[in-house]
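Peer 1: Chains as they are written, first to last, in the numbering used here: chain A, 1 to 332; chain B, 1001 to 1332. All C-beta atoms, glycine included, are put in the ideal place defined by N, C-alpha and C. Structure below; questions to follow.
Protein chains: 2
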Amino acid sequence: MIALDAHGADRGPATVAEGARLAGVPVTLFGPAAELGAADGLVQVEDCPLAIGAEEEPARAVRANPDASIARAAAAVAAGRAGALVSAGPTGAALAASVVHLKRLRGVHRPAIAVLLPVPGSPTLLLDAGASTEVRPEHLVQFAYLGAAFMEAVHAIERPRVGLLSVGEEPAKGTPDVVAAHERLAAGPLDFRGNVEGGDLTAGSCDVVVTDGFTGNVALKTMEGTVRTVVGAIGDAVRSSPVSSLGGLLIRGRVGALRSELDPNSVGGAILLGLRHVVVIAHGSSTADGVAQAVRVAGRAVDERVVDRTRAALAAGDALRSAPAGSVSEQP
Amino acid sequence: MIALDAHGADRGPATVAEGARLAGVPVTLFGPAAELGAADGLVQVEDCPLAIGAEEEPARAVRANPDASIARAAAAVAAGRAGALVSAGPTGAALAASVVHLKRLRGVHRPAIAVLLPVPGSPTLLLDAGASTEVRPEHLVQFAYLGAAFMEAVHAIERPRVGLLSVGEEPAKGTPDVVAAHERLAAGPLDFRGNVEGGDLTAGSCDVVVTDGFTGNVALKTMEGTVRTVVGAIGDAVRSSPVSSLGGLLIRGRVGALRSELDPNSVGGAILLGLRHVVVIAHGSSTADGVAQAVRVAGRAVDERVVDRTRAALAAGDALRSAPAGSVSEQP
């Protein structure tokens, strides 16, 4: 069962409900029942008229409004009534509801926002894309295990290639924290490819690229902005002469399709890793198909036991925060 | 007089010498005299057969080889025989020679590598692009003054708009260091536009964007990689059908030109700011025209007294390291 917040999406609750019905997996919708249609074999509805607005400070709003749809959906996951949370509303609210209602995976320092970059032929998972702007080496090491376990379980990539984002390939390049993380990752069981640079994010040379949330957010938004600028400039250049205008008309469909393929916002949004349940945040402008895709990703994460596998991978890499699994010294 | 290292460029010393002659300003070439042609009214030659290879550790190689062309060119600037240093060789060697031979501007914490991003219609100066991977708030504040003074003097932009790279527009977004730098910049005399995000780097909304050398390097290389990937993917998409192939043939020239326009490597490389002399590092693959352009930028920086103006701007913003200019407590 996937808990799906029907509020907050640009196209409205009815589109989210349509996406739930397309997904083909059991879903409970949390939103305005009047707009969500009738329950059926796979889709249930819990009436939650209250939404958290995009302009509210998310953490405060989530705590102040336990009846808001995103809070109730997250609480349903926390209570075990659903296996994962999906939202197409504001990222801040989904993140806040997850942090408030869903516990961290035991031994994990911090959750991370992971984004699948749309590299043609070889999608690359970038994390952290903005949950933690300051991290220590042990956080970067954990992000590597979180990302690798996700790509292995949900995208069926055997032994994902993991890179550490830095300013040069040599192990000594980067901040002291990055250098320390490099050392620990190189000694661990992951298929660690060492430091990678900004240019590698779109080169398809790694399946997972790990960085702090400040750098990851800047890199992600730089990619998005560059795609916009390049595609826009090609359009301008093409329109500037009759011959190339004709050429432009002939390729217009292809370039338009490519633009959305290369837009990181179009691949189903972000995944929150490191909690006891998977959270998928679909892009706010998602169509019904986009919502269905996000629900399927969440469903696959549950079926493939991403959380258990993540914990096992962290334990195998000796990357858990305190005592290993089964120790009596750590509280659940 | 500009000191120009003729070694290290991909196209060889003769191309660098050709660039020197095209520049139209007085230049002293440091390199293999036999390949550089005769001295003339504007161009002098100092024979320096020794080059520092791209594979050597730059700082060590510069110290161990005071007769290498880049070291002698930098020393000529330090001795006052030339006003600025230009190189089309490896960035590392030029940076190392500058740090070893050229002093920091009094009151400046650290030099920064500035790169002019090729935003169509509104070039944006990004700094630091990799000189210092870890910075404190006062370094970020100084970078803002260094960049603004350069854009004002060399690119004739009155009151450059300055942005601080972060993960959200609100002043409280980012690391504690970024938040502290924001506060100081907002209180100073620059035209400070507040925090900007990765997507703003290519949007033309600022003339100067300030960040630490780790984030700046990642953002710059992410831009370069994304341009390569998008232009490559458009080529693939266009070739995939006869109709769009024809369209592709008609626009090929435009897209090729645009690709080099949008390649940050093509705008004449990097500028080292914060020293007592300006250093321009042309891209290694520069043509003679590219070298000439880099020499002209350096010449304009000298003519427009970038260094004096930078110092005055730092003093006006109360951003110098210790006592203000003229104090007896600081050693020159």
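#1: Using Cβ-Cβ distances below 9 Å, what residues of the region 103-120 of chain A are close to chain B?
#2: Return yes when the Cβ of B/Leu-1201 is within less than 7 Å of the Cβ of A/Thr-215, no when it is not.
#3: List, in order along the chain, the chain A residues whose C-beta lies closer than 7 Å to that of B/Met-1223?
#4: For the beta strand (DSSP E) that contains B/Ile-1271, what are its first and last residues?
#5: Tell me which same chain residues have a C-beta within less than 6 Å of the C-beta of A/Asp-177, skipping the five on either side of it?
#6: Using a Cβ-Cβ distance under 7 Å, would B/Val-1141 count as near chain A?
#7: I'd like the span of the alpha helix (DSSP H) that includes A/Ala-3, first residue to last.
#8: Assign B/Leu-1125 to one of two classes, buried (16 or more other C-beta atoms within 10 Å of its C-beta) or exposed (fewer than that).
#9: For a contact defined as C-beta to C-beta under 9 Å, what are the partners of B/Glu-1197 on chain A?
#10: Using the Cα positions of A/Asn-265 and B/Ala-1061, report the straight-line distance between them to the nearest angstrom.
#11: Which whole-angstrom value describes the C-beta separation of A/Ser-87 and A/Asp-5, a residue pair presumed to lie in contact below a C-beta threshold of 8 Å?
#12: Out of B/Ala-1020, B/Val-1099 and B/Glu-1183, point me to the one whose CA is closest to B/Gln-1293's CA.
#13: Alpha carbon to alpha carbon, what distance is there between B/Arg-1305 and A/Pro-120?
#14: B/Ile-1281 by DSSP, collapsed to three states: which one?
#15: Which word fits A/Arg-311, buried or exposed, when buried means at least 16 other C-beta atoms lie within 10 angstroms of its C-beta?
#16: Relative to the C-alpha of A/Ala-112, which candidate in A/Leu-102, A/Ala-129 and A/Lys-103 has its C-alpha closest?
#17: Is it the case that the region 1060-1075 of chain B contacts the region 1092-1101 of chain B, given that we only count it when at least three CB pairs across the two stretches are under 8 Å?
#18: Show which residues of chain A have a CB atom less than 7 Å away from the CB atom of B/Glu-1134.
#19: Check the Cβ-Cβ distances between B/Thr-1028 and every residue of chain A, and say whether any is below 7 Å.
#20: Using the C-alpha atoms, what's the distance from A/Gly-317 back to A/Ala-325?
#21: Return helix, strand or coil for A/Glu-46, following the three-state DSSP convention.
#22: Does the region 2-18 of chain A come within contact of the region 278-290 of chain A, defined as at least 3 CB pairs closer than 8 Å?
#23: Could you pull the DSSP bridge partners for A/Val-162 from this structure?
#24: For the beta strand (DSSP E) containing B/Gly-1031, list its first residue and its last residue.
#25: Check each candidate in B/Ala-1039, B/Ala-1033, B/Ala-1313 and B/Ala-1014 and name the one with the smallest Cα separation from B/Pro-1026.
#26: Are there 16 or more other CB atoms within 10 angstroms of the CB of B/Glu-1169, so buried, or fewer, so exposed?
#27: Would DSSP call A/Ser-87 helix, strand or coil?
#28: Is it right to say A/Gly-174 is buried, meaning 16 or more other beta carbons lie within 10 angstroms of its own, or is it exposed?
#29: For the alpha helix (DSSP H) containing A/Ile-70, name the first residue and the last one.
#30: Are the C-beta atoms of B/Ala-1233 and some chain A residue less than 7 Å apart?
#31: State the beta-bridge partners of A/Leu-22 as determined by DSSP.
#32: Is the beta carbon of A/Leu-140 sitting closer than 7 Å to the one on A/Ala-181?
#33: Whose Cβ in chain B lies nearer than 7 Å to the Cβ of A/Leu-201?
#34: Express the C-alpha separation of A/Lys-103 and B/Leu-1102 in angstroms, rounding to a whole number.
#35: Comparing the C-beta of A/Ala-17 with each C-beta of chain B, is any distance below 7 Å?
Peer 2: The structure says:
#1: Val-119 and Pro-120
#2: no
#3: Listed along the chain, the chain A residues whose CB falls inside 7 Å of the CB of B/Met-1223 are Thr-222 and Thr-226.
#4: From DSSP, the beta strand (DSSP E) with B/Ile-1271 extends over 1270-1273.
#5: Pro-137
#6: no
#7: Run containing A/Ala-3: none in the alpha helix (DSSP H); it sits in the beta strand (DSSP E), 2-5.
#8: buried
#9: Asn-217, Val-218, Lys-221, Thr-222 and Gly-225
#10: With a pLDDT of 49 at A/Asn-265, under the threshold of 50, the predicted position of this residue should be treated as unreliable, though the coordinate-derived value follows. In a straight line, the C-alpha of A/Asn-265 is about 46 Å away from that of B/Ala-1061.
#11: 4 Å
#12: Among B/Ala-1020, B/Val-1099 and B/Glu-1183, the Cα nearest to that of B/Gln-1293 belongs to B/Ala-1020.
#13: 47 Å
#14: strand
#15: buried
#16: A/Ala-129
#17: yes
#18: Thr-175
#19: no
#20: Residue placement at A/Ala-325 cannot be trusted, given a pLDDT of 43 that sits under 50; what the coordinates show is reported in the next sentence. Spanning the two alpha carbons is a distance of roughly 12 Å.
#21: Secondary structure of A/Glu-46 (DSSP, three-state): strand.
#22: Yes: the two stretches touch, three or more of their Cβ pairs being nearer than 8 Å.
#23: A/Phe-192 and A/Val-208
#24: Run containing B/Gly-1031: 1027-1031, per the beta strand (DSSP E) assignment.
#25: The option with the nearest alpha carbon to B/Pro-1026 is B/Ala-1039.
#26: The residue in question, B/Glu-1169, is exposed, as its Cβ has fewer than 16 Cβ neighbours within 10 Å.
#27: strand
#28: buried
#29: 69-78
#30: Interface residue (Cβ-Cβ distance to chain A less than 7 Å): B/Ala-1233 is classified as such.
#31: Beta-bridge pairing links A/Leu-22 to no other residue.
#32: yes
#33: The contacting residues are Thr-1222 and Gly-1225.
#34: 54 Å
#35: It does not; no Cβ of chain B falls within 7 Å.
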